[in-house]
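Numbering (the UniProt record's numbering), first residue to last: 1 to 220.
Every residue gets a Cβ at the ideal spot worked out from N, C-alpha and C, and that includes glycine.
This report concerns only the one structure given below.
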Amino acid sequence: MQLILSQSNFPPKCLHFKADTTINDIKKLLNVADGYVLRTSNVIPTINTKLIHLLQENSNVLFLTTSLPILGGKGGFGSMLRAQGGKMNSKKTTNFDACRDLSGRRLKTIKDAQELANFLEKEPERKRKREEKLKKKIEAVLNNQNEPKRVRINDEEFEKNHDESLENLDDVLEKALLKKKKIIEQTKLKGKSEKEEDNSDKRNKKILKIWGESDISDDE
Numbered sequence: 001m002q003l004i005l006s007q008s009n010f011p012p013k014c015l016h017f018k019a020d021t022t023i024n025d026i027k028k029l030l031n032v033a034d035g036y037v038l039r040t041s042n043v044i045p046t047i048n049t050k051l052i053h054l055l056q057e058n059s060n061v062l063f064l065t066t067s068l069p070i071l072g073g074k075g076g077f078g079s080m081l082r083a084q085g086g087k088m089n090s091k092k093t094t095n096f097d098a099c100r101d102l103s104g105r106r107l108k109t110i111k112d113a114q115e116l117a118n119f120l121e122k123e124p125e126r127k128r129k130r131e132e133k134l135k136k137k138i139e140a141v142l143n144n145q146n147e148p149k150r151v152r153i154n155d156e157e158f159e160k161n162h163d164e165s166l167e168n169l170d171d172v173l174e175k176a177l178l179k180k181k182k183i184i185e186q187t188k189l190k191g192k193s194e195k196e197e198d199n200s201d202k203r204n205k206k207i208l209k210i211w212g213e214s215d216i217s218d219d220e
C-alpha cells in the first residue's frame with residue numbers, strides 16, 4: 001500500500017506502508033515537528049490511528065497532508081452567529097427577480113414573458129367584450145331614434161308672467177335690503193349720539209368737581 005504525503009514548501013513524497021503502520025510511526029519516520037498533524041482531506045486522525053483504516057474503499061493509495069492547526073478563539077462565536085442568523089431571518093427578502101435559474105436567465109425576464117403570454121392568450125376575449133360593448137351602444141342609439149321626440153311648447157303668456165314674477169321678487173328683495181340697511185344706520189347713529197352725551201356729561205361733572213375743589217381751597 002502506498003502513501004502520498006504533501007508538505008508545505010516540499011515536494012510530495014511517496015512511501016510504502018504496512019497494514020499495522022500508525023500515524024505516530026509516520027511522524028517519527030519523517031521527523032514531523034511537534035504541533036504539526038497529519039490529516040486527510042476531511043479527517044484529522046489521532047496518533048494511534050492505523051493508516052489502513054483511513055483508506056477509502058477499493059483504493060490502495062492514501063493521501064496525507066501536514067498542517068499546523070489554528071488555535072481556537074475565546075468562544076462565544078456560536079451565540080453570535082445565532083444572533084446574526086435571527087436578524088437575517090427577520091429580514092428575508094421576497095423579491096427574487098434579480099436571481100437566475102439554472103439556464104442563466106433572470107427570474108424577472110421569465111416572469112415578464114409569462115405575463116406577456118397570458119396577456120396575449122386573453123386578448124381574443126377582451127376583443128370580443130369590446131365588440132359586444134360597441135354593439136350594445138349602437139343598439140341603444142337605434143332604439144332611441146325609434147322613440148317619439150320631445151315637443152317644445154311655446155306659451156308666451158306663461159313666459160311673460162314668469163318674467164314679471166321674477167322682476168317683482170327682485171324689487172321686493174331690494175326694498176327689504178334698503179329698509180334693513182336704514183334701520184342699522186339709524187341704530188348706529190342713535191348709539192353714537194348717546195355715547196357722545198354720556199361722554200359730555202362725564203366731562204362736565206369732572207370740570208365741576210375740579211372747580212368745586214378750587215373754590216374750597218380759596219375759601220380756606
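Going by the beta-carbon positions, is the gap between residue i and residue j smaller than 8 Å?
| i | j | result |
| --- | --- | --- |
| glutamine 7 | threonine 66 | yes |
| isoleucine 23 | leucine 5 | no |
| phenylalanine 63 | threonine 49 | no |
| aspartate 97 | lysine 111 | yes |
Beta-carbon within less than 6 Å of residue i's beta-carbon, same chain only, minus the 5 sequence neighbours each way: which residues are those?
| i | result |
| --- | --- |
| cysteine 99 | Leu107 |
| glutamine 114 | none |
| serine 103 | none |
| cysteine 157 | The residue asked about is misnamed: residue 157 is glutamate in this sequence, not cysteine. Closer than 6 Å at the Cβ level, and outside the excluded window around glutamate 157, lies no residue. |
| glycine 85 | none |
| threonine 21 | Leu51 |
| lysine 13 | Leu5 |
| lysine 136 | none |
Our contact map puts residue i next to residue j with C-beta atoms below 8 Å; I'd like the distance itself, whole angstroms only.
| i | j | result |
| --- | --- | --- |
| valine 43 | leucine 54 | 7 Å |
| alanine 19 | isoleucine 52 | 5 Å |
For residue i, collect the residues of the same chain with a Cβ closer than 8 Å to its Cβ; drop the 5 residues on either side in sequence, then sort them by chain order.
| i | result |
| --- | --- |
| asparagine 58 | none |
| leucine 173 | none |
| isoleucine 216 | Reliability fails at isoleucine 216, whose pLDDT of 42 lies under 50, so the model's placement of it is uncertain and no value is given. |
| leucine 166 | none |
| isoleucine 26 | Leu3, Leu5, Leu15, Phe17, Val32, Leu38, Leu51, Leu64 |
Does the Cβ of residue i lie closer than 7 Å to at least one heavy atom of the ligand NAD?
| i | result |
| --- | --- |
| leucine 38 | With respect to small molecules bound, the structure shown includes none, and the ligand NAD cannot be examined in it. |
**Q.** Whole alpha helix (DSSP H) elements within the region 76-137, 4-residue minimum
**A.** 77-90
**Q.** Whole runs of the beta strand (DSSP E) within the region 37-62, excluding any shorter than 3 residues
**A.** 37-39
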